[in-house]
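Undergrad: So that we are looking at the same thing, I have put the structure below in structure tokens.
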Amino acid sequence: MAAATRALLVAAVTAAALFGSALGATYTVGAPAGSWDLRTNYTRWTSTIRFYTGDELRFQYPAAAHNVVEGAPNSQNKRKIKGFKVVGVIKTIGPWDTTKIKKPAAE
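Residue numbering for the sequence shown is -24 to -1, 1 to 83, as defined by mature numbering (1 follows the signal peptide of the UniProt record, and there is no 0).
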């Protein structure tokens, strides 16, 4: 009986760990020291975090002043920004926008 209880407990803990990692984490861009502004060094900020598929990026800013577009690397959009193509505008859902990482970036 104790072995069955222990096996059930191990299975439950394993399932909980896998489920939690599948949900992904939510990161506020630039946090904790910065935000979506011109002063924050986003290269430095991203170097401190390992992002995974399923993670969410939250962009906090005044909705009337900014928006965020989702882009695809290694292509061009109408604005001729080298290496960037707009593939959608992230819908504003409040005083911030959130986007989910759908697939890993190419290294």
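The beta-carbon is built from N, C-alpha and C at its ideal position, and this holds for glycine as well. It should be emphasised that the depicted structure is a prediction, and the values quoted were computed from it without experimental measurement.
1. R34 lies in the alpha helix (DSSP H); which residues open and close that run?
2. Could you work out which residue in W12, T24 and R26 is closest to P38 when comparing CA atoms only?
3. Whose C-alpha, out of T19, G30 and G6, is nearest the C-alpha of L78?
4. For Y28, which of helix, strand or coil comes out of DSSP?
5. Looking at G10: is its Cβ nearer than 8 Å to the Cβ of Y28?
6. Going by DSSP, what residue range makes up the alpha helix (DSSP H) through T16?
TA: In this structure, then:
1. Looking at the DSSP string, R34 is not in any alpha helix (DSSP H); the run it does join, the beta strand (DSSP E), is E32 to Q36.
2. W12
3. Sequence inspection shows Lys at residue 78; the Leu mentioned does not correspond to that position. The shortest Cα separation from K78 among T19, G30 and G6 belongs to G30.
4. coil
5. no
6. Unbroken run through T16: none, as it is neither H nor E.
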